[in-house]
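Here the structure is laid out as structure tokens; the discussion comes afterwards.
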Amino acid sequence: MQSWLEQCIKSHHSCHSETSQLPTRVIHVGSDENVPRLHISSGESVDYIALSHVWGDFHPLITTKANLEQRQRGISLSDFPKTFQDAIILTRSLGIEYLWIDSLCIIQDDNLDWETEAARMRTVYSHALMTISVNDAKDSREGFFGPR
């Protein structure tokens with residue numbers, strides 16, 4: 001996967017030009033030793049990966065006004081649904097520290113934040129180093145690593 005991404009970056013100049021500014025909030029995944037946590041961006045220009053996933057009938061792990069501060073302190077990997085865990089593993093394996101997931105990076109019970117951040121989603125996906133698209137799962141519990 002790493003060599004594929006490097007080849008893509010070298011060959012597809014129109015797809016990804018330079019490092020982009022982080023979205024408002026991202027998950028700082030760090031390395032395997034780090035507990036993932038919600039990071040409030042201060043305008044850093046650094047690569048990140050975006051996850052596009054199916055919510056389905058299952059409501060995935062979300063950020064709300066009530067748990068925003070807790071999310072910034074850390075989120076146990078076991079609390080993430082399988083699709084999110086797989087995305088964290090892939091992001092770390094590519095040496096990228098930040099991952100954008102809509103349900104965690106948009107405050108779901110804050111109408112103003114939701115409207116503002118939802119309007120930026122096109123930019124979030126287009127400026128990501130890459131987007132992991134998991135659109136064949138019924139919800140975020142299924143994951144995307146597995147037998148083919």
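Under the UniProt record's numbering, the first residue of the sequence shown carries the number 1, and numbering increases by one thereafter. Here a beta-carbon is modelled for each residue, glycine too, at the ideal position from N, C-alpha and C. Note that the structure is a prediction, hence the values are computed from the model and not measured.
Just to confirm the assignment, what range does the alpha helix (DSSP H) spanning residue i have?
i, result
"V26", "Premise fails: V26 lies in the beta strand (DSSP E), 25-28, not in any alpha helix (DSSP H)."
"I88", "82-93"
"L99", "No alpha helix (DSSP H) holds L99; the beta strand (DSSP E) holding it covers 98-101."
"E115", "111-119"
Need the endpoints of the beta strand (DSSP E) that residue i sits in, please.
i, result
"H53", "49-53"
"H39", "37-40"
"S31", "Premise fails: S31 is in no beta strand (DSSP E) and is neither H nor E."
Please classify residue i as buried or exposed, where buried requires at least 16 neighbouring CB atoms within 10 angstroms.
i, result
"I40", "exposed"
"S133", "exposed"
"L112", "exposed"
"R120", "exposed"
"S78", "exposed"
"H59", "exposed"
"R25", "buried"
"A87", "buried"
"S93", "exposed"
Quick one: grab the DSSP three-state call for residue i.
i, result
"I75", "coil"
"V46", "coil"
"L68", "helix"
"S126", "helix"
"S133", "strand"
Quick check: the Cα distance between residue i and residue j, rounded to an integer number of angstroms?
i, j, result
"F144", "Q85", "10 Å"
"D32", "G43", "25 Å"
"T63", "G74", "12 Å"
"S126", "A118", "14 Å"
"G30", "I101", "15 Å"
"Q70", "P81", "18 Å"
"I49", "D136", "19 Å"
"T19", "L38", "20 Å"
"V54", "S103", "11 Å"
"D109", "G95", "32 Å"
For my contact list, residue i and residue j are in at a C-beta cut-off of 8 Å; report their separation, rounded to the angstrom.
i, j, result
"P23", "C105", "6 Å"
"L99", "D47", "Rounded, the Cβ-Cβ distance is 11 Å, inconsistent with contact."
"E142", "T91", "Not really, about 18 Å apart at Cβ, beyond 8 Å."
"E97", "H28", "6 Å"
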